[in-house]
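K.L.:
Residue numbers for the sequence shown follow the numbering used here, so the first one is 4 and each next one is one higher. Just passing along the structure, written as structure tokens.
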Amino acid sequence: MNKNKNHKRISLKVQASSLPKDKQTSFSFLVKQDGEDFFYRLEVGGERAEDTHSWKPGALSLERVACEVYGFKAAENFIVARVAENEDGSSSLVDTAYILEKDMQLRFFSVKEKEGLAVYRHTSAHVMAYALSSIYPEVKLAIGPVIEDGFYYDIDELQLKQENFEAIEEKMAEIIRLGYVNERVELSRKEALELFQEQPYKVEIIRDLPENETISVYKMGDFIDLCRGPHLPNIKSIKAFKLLRLAGAYWRGSEKNKMLTRIYATSFEHEKELRLYIKHREEAALRDHNRVGREMGLFVSDEYVGKGLPLFTPQGNILLQTLKSFVEKEERKRGYMHTLTPYLAKSSLYKISGHWQHYKESMFVISGDDELALRPMTCPFHFTLYNSKRHSYRDLPVRYAETSVLFRNEDSGEMHGLTRVRQFTLADGHVICTPEQVQAEFESCLELLMHILSVLEIKDYTFRLSRWDKKDSGKKYIDNPVMWERTEALIEAILRDNKITYYEGIGEAAFYGPKLDIQTKNTYGKEDTLLTVQIDFALPERFKMFYMNNNNEKKEPVVIHRSSIGCYERTLALLLENCKGKLPFWLIPSQIAVLSVQESVHDYVKEIVQNLLQADLRVKANIENEALSKKIKLAQKEKTFYMVIVGEKELATKTLSVRMRSGKTISGLSLKDFREICRNLEESKENLCLLSEKRVNTDIKVNFIE
Ligand SMILES: [Zn+2]
Ligand SMILES: [Zn+2]
4 MNKNKNHKRI SLKVQASSLP KDKQTSFSFL VKQDGEDFFY RLEVGGERAE
54 DTHSWKPGAL SLERVACEVY GFKAAENFIV ARVAENEDGS SSLVDTAYIL
104 EKDMQLRFFS VKEKEGLAVY RHTSAHVMAY ALSSIYPEVK LAIGPVIEDG
154 FYYDIDELQL KQENFEAIEE KMAEIIRLGY VNERVELSRK EALELFQEQP
204 YKVEIIRDLP ENETISVYKM GDFIDLCRGP HLPNIKSIKA FKLLRLAGAY
254 WRGSEKNKML TRIYATSFEH EKELRLYIKH REEAALRDHN RVGREMGLFV
304 SDEYVGKGLP LFTPQGNILL QTLKSFVEKE ERKRGYMHTL TPYLAKSSLY
354 KISGHWQHYK ESMFVISGDD ELALRPMTCP FHFTLYNSKR HSYRDLPVRY
404 AETSVLFRNE DSGEMHGLTR VRQFTLADGH VICTPEQVQA EFESCLELLM
454 HILSVLEIKD YTFRLSRWDK KDSGKKYIDN PVMWERTEAL IEAILRDNKI
504 TYYEGIGEAA FYGPKLDIQT KNTYGKEDTL LTVQIDFALP ERFKMFYMNN
554 NNEKKEPVVI HRSSIGCYER TLALLLENCK GKLPFWLIPS QIAVLSVQES
604 VHDYVKEIVQ NLLQADLRVK ANIENEALSK KIKLAQKEKT FYMVIVGEKE
654 LATKTLSVRM RSGKTISGLS LKDFREICRN LEESKENLCL LSEKRVNTDI
704 KVNFIE
């Protein structure tokens, strides 16, 4: 015990994951106040003789703790820390200037860790706002959060163009060179409102803060921004940054509010990382389905139709229909019966299913006497069909499938190309079975999913076991802990039996049960659910579903919800990105284009087209009076699999010259042989994303797919 009442001992458990494990340990500090002045010292061993020289002036900040514990050099790398009063207590991220006044557990982070990088980028956003407001004093600032690979700032009353980026970046570099310290100041509500009176969005944020919330601002140079922090201690450490693009975004994500300008940007610890990131982004953009699909003429969108509502062209529809007939055939082979149920229903149906209680904000409700709503899922309709007749255990499993048009009221800011849309088509299905059949049926659903993935050559995916989150019981999830435990254990057992490696997603379950999700990443690395299989012990009870068992007693069945190819639009987006639009022969809308070199061959072109059409191939002629190079370009845009080029030579020899996607041309082919090659390809369904030579089941000894 220290006898001096002036002294206070602060015990700390300090960790820094960037340092070796043995560096994670306990320390004690003594702090004392002398008049207005504060002093601290690291306590080594027990009691120490009073030695004025060992005291250091200043309050005990995290920065000073890091210096004492790890040395000045190492401490420089720490930009933020997480502090917690006790082991189970809530923790928070704080600035390194944070003053310690009681016992704490703390962990330091450098920019190499996720937490540190977020603070680094968040501070970069403030620097960008500083630069904007010094170049354009009229700018109104809204919010500037960190996102997965960078940050953005929403601004108003400024017509920015990409051309302005350079000047903004130069200003940012200038501000960074000045090396401002981020100073935290806490204000009263009145002071804060007065300070930001010229900034209407900040005023709105302040007004919406809870009554007892601490209002803090951060000051760097003569720029002050509203923020709860934490930030980099000194902006000098920002080494590499770049403004990326502009977008429109509604204030607070609501269409009812004003559209603001969003500036996307990013920053990295090193210039080299930034350059690599930009290169990857440029490559990813070339694959973006939203660009590739539009260039190929598969879909368009229109502001009068609305956001998230793509219009598929005849070409795009061919693709969807081709996928659909493949999927429905695979489902039929596995005992599914296809249904056709209404796109909308009365709220009474969704009240039974629980959608009304748990999902209403994502539904389109049509006001009127009947209170109708567009369907977000097919389940309630399939259950109603099941209930329309009596079932004995001998009928089970009942496997319903539907190529189902569904509606979800996505946030306007969330929508993108074909991946986030308000109307979509789901290959939906429900297996209604006895509890004894669940495992086998679940595995058979998995087999269907795996088969579809393999035909589509989708290889890059992971399994996620999506669990509920107890704390949202009754709100986000049906309140039945026993049911949750049982179903999650069942899926776990199936995964184990099938030796499937997976990761867990807490709070990612459906409201009625856990899911096994198959996760894929888009071209920019963003993860999404492609396919899913779910066990549901809740909805059968709500819908009073039953079957008669062999003792003629009423029993409750179990439902498996599953999608086979998932949402057609989203899966199509992934396919387009995987192969930059160079879809395999069986999928590509433009399989063959027959191009004439001159008018004299038109009759021969028509003969070729007729012949190939008879073989059920997708073929069209281009006999326009244009240069061949122009016709080739047009066919390339649609990623046409084969171009058949017909000139005088081909007419004279009654042969074909076939140009492949690689640009390589093979001449002297007979129409009969070419037709056979195409038919074989059409039937093989296994040539997705072919980039070079691959097996083709044909007698012709040429490498025919490039
Ligand atoms: Zn901030
Ligand atoms: Zn369902």
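Backbone N, C-alpha and C define an ideal beta-carbon position, used for all residues, glycine too.
May I ask which residues mark the beginning and end of the beta strand (DSSP E) holding H564?
P.N.:
561-570 is the extent of the beta strand (DSSP E) around H564.
K.L.:
Judging by CA-CA distance, which residue of V441, E653, P592, E286 is the nearest neighbour of P317?
P.N.:
Looking at the Cα atoms, P592 is the closest of the given residues.
K.L.:
Between the C-alpha atoms of L15 and H125, what's the straight-line distance to the nearest angstrom?
P.N.:
Distance between the alpha carbons of L15 and H125 is about 28 Å.
K.L.:
Measure the alpha-carbon distance for F244 versus E151 and round it to whole angstroms.
P.N.:
If I take the Cα positions, the gap works out to 15 Å.
K.L.:
At a cut of 8 Å, does the stretch 549-568 reach the stretch 275-295 through at least three beta carbon pairs?
P.N.:
Cβ pair count under 8 Å is below three, so no.
K.L.:
In angstroms with no decimal places, state the Cα-to-Cα distance between Q200 and I218.
P.N.:
Approximately 15 Å, taken between the alpha carbons.
K.L.:
Where does N625 fall in DSSP's three states?
P.N.:
In this structure, N625 counts as strand in the three-state DSSP scheme.
K.L.:
Quick test of your reading: K502 and S469, contact by CB under 8 Å. State the CB separation rounded to the nearest angstrom.
P.N.:
No, K502 and S469 are not in contact; Cβ-Cβ is about 20 Å, not under 8 Å.
K.L.:
How would you label N9, buried or exposed, when you count the other beta carbons within 10 angstroms and need 16 or more for buried?
P.N.:
Under this definition N9 is an exposed residue.
K.L.:
Would you tell me roughly how many angstroms separate the C-alpha atoms of L277 and F81, rounded to the nearest one?
P.N.:
Answer to the nearest angstrom: the Cα atoms are 21 Å apart.
K.L.:
When you compare the stretch 245-263 with the stretch 109-116, are there three or more beta-carbon pairs, one atom per stretch, that lie closer than 8 Å?
P.N.:
Contact fails: fewer than three Cβ-Cβ distances are below 8 Å.
K.L.:
Any heavy atom of ligand 1 closer than 8 Å to the beta-carbon of T126?
P.N.:
Yes.
K.L.:
Helix, strand or coil: how does DSSP classify H341 here?
P.N.:
Here H341 sits in strand by DSSP.
K.L.:
Would the beta-carbon of D472 be found less than 8 Å away from any heavy atom of ligand 2?
P.N.:
Incorrect: D472 has no Cβ contact closer than 8 Å to ligand 2.
K.L.:
Among the residues of its own chain, which have a CB less than 8 Å from the CB of S240, if the five just before and after it don't count?
P.N.:
Once the five neighbours on either side are set aside, the close Cβ partners of S240 are I82, V114, Y123.
K.L.:
On the DSSP letters alone, give me the boundaries of the beta strand (DSSP E) that K524 sits inside.
P.N.:
Run containing K524: 518-524, per the beta strand (DSSP E) assignment.
K.L.:
Any chance the stretch 305-314 sits against the stretch 152-168, with 3 or more Cβ pairs inside 8 Å?
P.N.:
Contact fails: fewer than three Cβ-Cβ distances are below 8 Å.
K.L.:
Would you call the CB atoms of V661 and L672 closer than 9 Å?
P.N.:
Yes. Within cutoff.
K.L.:
Alpha carbon to alpha carbon, how far is R621 from G528?
P.N.:
Taking the straight line joining both Cα atoms gives about 34 Å.
K.L.:
Look at Y396 and M551 and say whether their C-beta atoms are less than 9 Å apart.
P.N.:
Yes.
K.L.:
Using DSSP bridges, identify the partner residues of N237.
P.N.:
Looking at the DSSP assignment, N237 forms a beta bridge with V184.
K.L.:
For K524, tell me which candidate among Y515, E495, L534 has the shortest Cα-Cα distance.
P.N.:
Comparing Cα-Cα distances from K524 to each of Y515, E495, L534, the minimum goes to L534.
K.L.:
Helix, strand or coil for I481, going by three-state DSSP, please let me know.
P.N.:
Of the three classes helix, strand and coil, the one that applies to I481 here is coil, per DSSP.
K.L.:
Please indicate yes or no: does the CB of H433 lie closer than 8 Å to some heavy atom of ligand 2?
P.N.:
Within the cutoff, so yes.
K.L.:
Among F302, A84, L144, which residue has its Cα nearest to the Cα of E66?
P.N.:
Comparing Cα-Cα distances from E66 to each of F302, A84, L144, the minimum goes to A84.
K.L.:
Keeping to the same chain, check which residues put their C-beta closer than 6 Å to that of F315; ignore five residues upstream and five downstream.
P.N.:
Here the set comprises F302.
K.L.:
Whole-angstrom Cβ separation of I611 and V649, contact assumed at under 8 Å?
P.N.:
So it is a contact: roughly 7 Å between Cβ atoms.
K.L.:
Of the residues V600, E488, I669, L615, which one's Cα is nearest the Cα of I635?
P.N.:
The shortest Cα separation from I635 among V600, E488, I669, L615 belongs to V600.
K.L.:
Per DSSP, what kind of secondary structure is C436 in: helix, strand or coil?
P.N.:
Of the three classes helix, strand and coil, the one that applies to C436 here is strand, per DSSP.
K.L.:
Assuming V86 and V17 make a contact with CB atoms under 8 Å, what is their CB distance in whole Å?
P.N.:
Not really, about 10 Å apart at Cβ, beyond 8 Å.
K.L.:
Are the beta-carbon atoms of E572 and L421 separated by less than 9 Å?
P.N.:
The answer is yes: Cβ separation under 9 Å.
K.L.:
Quick one: is the Cβ of H385 within less than 8 Å of any heavy atom of ligand 2?
P.N.:
H385: yes, Cβ under 8 Å from ligand 2.
K.L.:
Report whether the distance from the Cβ of Y221 to the nearest heavy atom of ligand 1 is below 8 Å.
P.N.:
Y221: yes, Cβ under 8 Å from ligand 1.
K.L.:
Using a Cβ-Cβ cut-off of 6 Å (strictly less than) and excluding sequence neighbours within five positions of L63, which residues of its own chain qualify?
P.N.:
Answer for L63: F32, V34, Y43, L103, listed in chain order.
K.L.:
Under 8 Å Cβ to Cβ from L198, same chain only, skipping five residues before and after it: list those, please.
P.N.:
Excluding positions up to five away in sequence, the list reads L190, V220, I227.
K.L.:
Look at the alpha carbon of I568 and the alpha carbon of Y155, and state the distance between them as a whole number of angstroms.
P.N.:
Answer to the nearest angstrom: the Cα atoms are 34 Å apart.
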